[in-house]
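Contents: one structure, followed by commentary.
Number of protein chains: 2
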Amino acid sequence: MNPIIEKLKNIIQEKQSNLAVAADISSAAEVLELAEKIGDKICILKTHVDIFADFTPDFPTKLREIADRKNFLIFEDRKFADIGNTVSLQFSSGIYKIADWADLINAHSIVGPGIVDGLRKANKNSGLILLAQMTPEGNLFTEEYAMKTVEMAKVNSDFVVGFIGSSDKPEVMQKVREAAGEELMIFVPGIKLAAGGDDLGQTYNTPEKAIQNGADVIIVGRGIFQADDPSSEAEKYRAAGWEASQE
Amino acid sequence: MNPIIEKLKNIIQEKQSNLAVAADISSAAEVLELAEKIGDKICILKTHVDIFADFTPDFPTKLREIADRKNFLIFEDRKFADIGNTVSLQFSSGIYKIADWADLINAHSIVGPGIVDGLRKANKNSGLILLAQMTPEGNLFTEEYAMKTVEMAKVNSDFVVGFIGSSDKPEVMQKVREAAGEELMIFVPGIKLAAGGDDLGQTYNTPEKAIQNGADVIIVGRGIFQADDPSSEAEKYRAAGWEASQE
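Encoded structure:
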């Protein structure tokens, strides 16, 4: 089994948590604060380091320390989307040096298998998630696209650990699950306890719905980090996600 | 006419150059050096600021000064590919503050129209290019995808200035041209005077082929910046691209 998948599945069992929190926050200091508050409840913290106004090279070190202490993985949601040569550099070089610290990264399969090869070339210890689906209204993901993404993952299962899915199209997600087999994992964002949407085309689903449709990991953003008490809110999602996974 | 399109079309006429150079170089200092060498020959310099090991906040200021003096536009090839709320922050915030200095940016339409809205929300003076096609082998771009991308551009022509195209599928590029009309522009990367490919799935086309198939701007990377004399190599591409456009 891919070592990242093995590590993640162990964390999920040990912590009884299939909850990833999307820290879509533009302050590195606040992300570290959030990680301390909710780290015990989650299997993954998802970051966007390129939206921090206050990024410093010690941020990954500090986050790594919290992640190791509280036993969760770090998922840098960079959504690589360029040719192999470019993503290789974006992953390993630049200010962020993502390859040095991220357990999980993701990429758009639309570019073709060269994006997987380019990222692998620069990889140290990360697992790659391919985007098979997304939730925003009017997106151009199709069932055929999702199935080709699964094919691309299966021939690269040394490095690819799974997919971003969407329970908005449960029939497609179920086909992704069937085609991918049991080992590759499905991560589903856009989760809220109360369903709804924002004004920029993002729609939401509940933990139960996502898990029923085949999610291994639910990704929750504003529903937790914008809550008055993120820790108790994370506990609600952890319990809801875990309970749904045991049914 | 969109002010960025107007500015670019004026530069192309004044300099008799439809040549964009892709500075896929992991050193900010070397990009500035390249810009000085080839700035007179080009209409656009395309950057990847997120691969610089030596990025400092004065890089955009320095590049802007060269761009204004030598009369070319700056295209930050970030390939935004996330939901509206996230790309809005990636564009305006973080270390790079792309919205403060880029004349052109690009995005993947796969996310749906929310990505255009998210980027517009943070926009100051940039024009947006949508990816209608890409060149790497095994990519998942389809004709239907390209046509939906054109639709997305046309209803957002206050902000969208054109498309990344590929002359590997000339029939699709010609349909993009017809559907888009005369104003929206097509930018075609993967251009080399000698055709061929690299080992990460990237294939190349000649300036003449790209222009014949409908390109307004040809984007040349390693063929110029890896040349012994980038300036004289840029002149060859400028002449070849301009001549083809006059036929």
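From first to last, the protein sequence lines stand for chains A and B. Counting from 0, one number per residue, gives the positions in the first sequence under numbering that gives the first Met the number 0. Counting from 0, one number per residue, gives the positions in the second sequence under numbering that gives the first Met the number 0. Where a beta carbon is used, it is the ideal one built from N, C-alpha and C, also for glycine.
query, result
"Quick test of the definition: if touching needs 3 or more C-beta pairs under 8 Å, does the stretch 109-123 of chain A touch the stretch 80-90 of chain A?", "yes"
"Below 8 Å between beta carbons: does that hold for G38 (chain A) and K61 (chain A)?", "no"
"DSSP three-state call for R23 (chain A): helix, strand or coil?", "The sequence shown places Asp at residue 23 (chain A), rather than the Arg named in the question. D23 (chain A): coil per DSSP, three-state reduction."
"Compare the C-beta of F54 (chain B) against all C-beta atoms of chain A and say whether one is closer than 8 Å.", "yes"
"Are the Cβ atoms of I218 (chain B) and G240 (chain B) separated by less than 8 Å?", "no"
"Would you kindly check if the distance between the Cβ of L18 (chain A) and the Cβ of I3 (chain A) is under 8 Å?", "no"
"What distance in whole Å lies between the Cβ atoms of V160 (chain A) and I128 (chain A), which are believed to be in contact at a cut-off of 8 Å?", "6 Å"
"Anything in chain B within Cβ reach of F162 (chain A), meaning under 9 Å, just list it in chain order.", "Near F162 (chain A) there are no residues of chain B at all, since even the closest Cβ is about 14 Å away, more than 9 Å."
"In whole angstroms, give me the CA-to-CA distance for K123 (chain B) and P229 (chain B).", "32 Å"
"Can you pull the chain B residues whose beta carbon is under 8 Å from the beta carbon of K78 (chain A), in chain order?", "A80, D81"
"CA-CA distance, L183 (chain A) and E242 (chain B)?", "52 Å"
"Where DSSP assigns a beta bridge to T46 (chain B), which residues make up the other side?", "B:A22, B:E75"
"For I50 (chain A), return the contacting residues in chain B, with the cut-off set at a CB-CB distance below 8 Å.", "T85, L88, Q89, S92, G93"
"Taking only three categories from DSSP, how would you classify A131 (chain B)?", "coil"
"How many whole angstroms separate the CB atoms of T134 (chain B) and G222 (chain B), which I take to be in contact at a CB cut-off of 8 Å?", "About 14 Å separates the two Cβ atoms, so there is no contact after all."
"Work out the CA separation of V20 (chain A) and K45 (chain A) for me, nearest whole Å.", "6 Å"
"Using the beta-carbon of each residue, which ones in chain A are nearer than 8 Å to K147 (chain B)?", "L139"
"Indicate the three-state DSSP secondary structure (helix, strand or coil) for N138 (chain A) in the structure shown.", "coil"
"At 9 Å on the CB atoms, spell out the chain A contacts of S125 (chain B), in chain order.", "Within chain A, no residue comes near S125 (chain B); the closest Cβ sits about 17 Å away, beyond 9 Å."
"Counting along the chain, where does the beta strand (DSSP E) carrying L103 (chain B) start and finish?", "103-107"
"Within the 8 Å Cβ cut-off, does E25 (chain B) reach chain A?", "First, the amino acid is wrong: residue 25 (chain B) is Ser here, not Glu. Taking Cβ atoms only, chain A reaches closer than 8 Å to S25 (chain B), which makes this a yes."
"Name, please, each residue of chain B whose Cβ falls closer than 8 Å to the Cβ of M133 (chain A).", "I82, I109, V110, G111"
"Listing by chain order, which chain B residues have their CB less than 7 Å from the CB of Y144 (chain A)?", "L139"
"Could you give the C-beta distance for D53 (chain A) and A27 (chain A), rounded to a whole number, given that I count them as a contact under 8 Å?", "5 Å"
"Can you tell which of A:F79, A:A106, A:A80, A:E75 has the C-alpha that lies nearest to the C-alpha of D99 (chain A)?", "A:E75"
"Since I believe M146 (chain A) is in contact with A178 (chain A) (beta carbons under 8 Å), could you give me their beta-carbon distance rounded to a whole number of angstroms?", "6 Å"
"DSSP three-state label for N204 (chain B), please.", "strand"
"Step through the CB atoms of chain D and report whether any lies within less than 8 Å of the CB of N105 (chain A).", "No chain D is part of this structure, whose protein chains are labelled A and B."
"By the 10 Å Cβ neighbour count, where 16 or more other Cβ atoms means buried, how is D167 (chain B) classified, buried or exposed?", "buried"
"Answer yes or no: do L31 (chain B) and L72 (chain B) have a C-beta to C-beta separation smaller than 8 Å?", "no"
"Could you please give the first and the last residue of the uninterrupted alpha helix (DSSP H) stretch that includes M0 (chain B)?", "Run containing M0 (chain B): none; DSSP gives neither H nor E here."
"Out of A:I185, A:K78, A:G93, state which residue places its alpha-carbon closest to the alpha-carbon of T55 (chain B).", "A:G93"
"Nearest CA to the CA of Q15 (chain B): which residue from B:I43, B:Q225, B:L33, B:S165?", "B:I43"
"Among residues of its own chain, excluding the 5 on either side of F158 (chain B), which ones have a beta-carbon nearer than 6 Å to its beta-carbon?", "R119, L127"
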